[in-house]
């Protein structure tokens with residue numbers, strides 16, 4: 004009987020290049036406070052956010068993805084037609100189907116595999132893990148991973164609990180073969196019993212009745228919007244993600260003292276501070292804190308922070324970085340990578 008031939012890919016993988024795109028419109032805390040009863044001091048104290056970026060009408064998830072991807076490809080020295088796959092992590096592409104990745108792949112000049120993943124703020128790390136495994140399996144030689152969001156489209160500006168949190172943007176990396184290990188084993192999972200802690204106000208196919216509907220001054224239905232049980236999410240991320248971080252370090256065979264950077268999802272500055280404390284990070288290890296400038300842009304926060312830290316020199320090219328993303332689902336993923 005005939006047997007199936009298996010394809011062998013690269014022994015190791017690495018991130019070859021990173022690129023980001025931050026929208027042009029800056030939303031200050033002062034502007035947010037015209038929507039809700041709050042103050043700049045309260046927002047900074049509770050979240051660490053000083054401003055966030057919101058996209059213009061022209062800065063669609065497609066355009067932001069293409070811009071970030073172009074920079075990542077240029078940094079990697081890889082052309083679009085060399086991509087064997089395009090993976091897009093997003094929750095704000097407003098079409099259930101087709102996938103945004105198909106449009107991005109076409110714009111970049113590849114007919115490679117293209118698909119979206121919905122893993123909220125952990126989406127980028129999910130994509131990195133999948134891309135690395137694809138390259139090792141021989142499914143693709145080069146894979147583009149993009150995290151992109153327009154969360155301004157899903158933000159209720161009158162909700163005091165969430166109006167100040169979310170931002171827009173895109174970040175991308177190219178993952179390909181390496182002579183030495185450049186992407187550590189992923190530690191990922193989900194806790195579906197906490198599914199209701201971060202949700203939409205209503206599903207796309209179940210709009211509220213006329214009596215229940217939240218409408219604007221023009222009578223149009225408002226939403227759906229993101230809603231969040233803030234305290235429950237804060238407790239979960241602050242404590243359980245510390246354990247996930249420790250596991251990712253152990254899987255990679257290193258300790259926190261070996262790190263050259265810590266790049267967690269930019270959910271809340273206090274969560275980041277808690278993780279730094281529990282991990283006992285040495286003072287010399289730089290920590291991503293781009294939430295102050297960009298807000299929480301979900302799947303885009305980690306690659307945007309990676310690009311910024313490499314650009315400003317706070318993180319070294321070729322250094323070891325711990326990535327961890329966590330969010331709606333509730334889902335999480337973490338891995339140690341070598342910075343491009």
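Residue numbers (this note's numbering): 4 to 343.
Where is the CB? At the ideal position from N, CA and C, for every residue including glycine.
Every value quoted in this text rests on a predicted model; they were computed, and no experiment measured them.
- Under DSSP, residue 335 forms a beta bridge with 192, 329.
- Straight through space, the alpha carbons of residue 340 and residue 309 are spaced by roughly 11 Å.
- If the five residues before and after residue 205 are omitted, its C-beta is found closer than 7 Å to the C-beta atoms of 211, 226, 227, all from its own chain and listed in chain order.
- Judged by DSSP secondary structure, residue 275 falls within the alpha helix (DSSP H) whose first and last residues are 272–282.
- If you look at residue 49, you'll find it in the alpha helix (DSSP H) that goes 43–50.
- Boundaries of the beta strand (DSSP E) around residue 89: 88–92.
- Here DSSP, grouped into helix, strand and coil, assigns residue 203 to strand.
- Residue pairing for residue 299: DSSP places it in a beta bridge opposite 169.
- In this structure the stretch 180–197 does not lie against the stretch 80–97, because fewer than three pairs of beta carbons, one per stretch, are closer than 8 Å.
- When C-beta atoms of the stretch 172–183 are compared with those of the stretch 36–53, fewer than three pairs fall below 8 Å, so the two segments do not count as touching.
- Within the DSSP secondary-structure output, residue 28 pairs in a beta bridge with 57.
- Close CB contacts of residue 79 within its chain, under the 6 Å cut and outside five residues either way in sequence, are with 19, 20, 177 (chain order).
- Across the set 283, 106, 262, 236, the C-alpha of 236 shows the shortest separation from the C-alpha of residue 335.
- Of the candidates 82, 160, 163, 64, 82 places its Cα closest to the Cα of residue 146.
- Distance from the CA of residue 25 to the CA of residue 7, rounded to the nearest whole angstrom, comes to 46 Å.
- Inter-segment contact for the stretch 312–328 and the stretch 257–273 is present: three or more beta-carbon pairs are separated by less than 8 Å.
- For residue 330 against residue 249, the beta-carbon gap comes to about 19 Å, at or over 8 Å, which does not count as contact.
- For residue 230, the enclosing beta strand (DSSP E) covers residues 229–231.
- Judged by DSSP in its simplified three-state form, residue 81 adopts coil rather than helix or strand.
- Around the beta-carbon of residue 258, fewer than 16 other beta-carbon atoms lie within 10 Å, marking it exposed.
- Rounded to whole angstroms, the separation of the alpha carbons of residue 207 and residue 87 is 32 Å.
- Contact between residue 238 and residue 39 does not hold, since the beta-carbon distance rounds to 23 Å and is not under 8 Å.
- Separation of the CB atoms of residue 118 and residue 302 is rounded to 14 Å, and the pair is thereby denied contact status at 8 Å.
- Straight across, the Cα-Cα distance linking residue 191 with residue 17 is about 19 Å.
- Residue pairing by DSSP places residue 118 opposite 90 in a beta bridge.
- Residue 317 is not a Cβ neighbour of residue 277, given a cutoff of 8 Å.
- CA-CA distance, residue 306 to residue 46, rounds to 24 Å.
- Here DSSP, grouped into helix, strand and coil, assigns residue 260 to helix.
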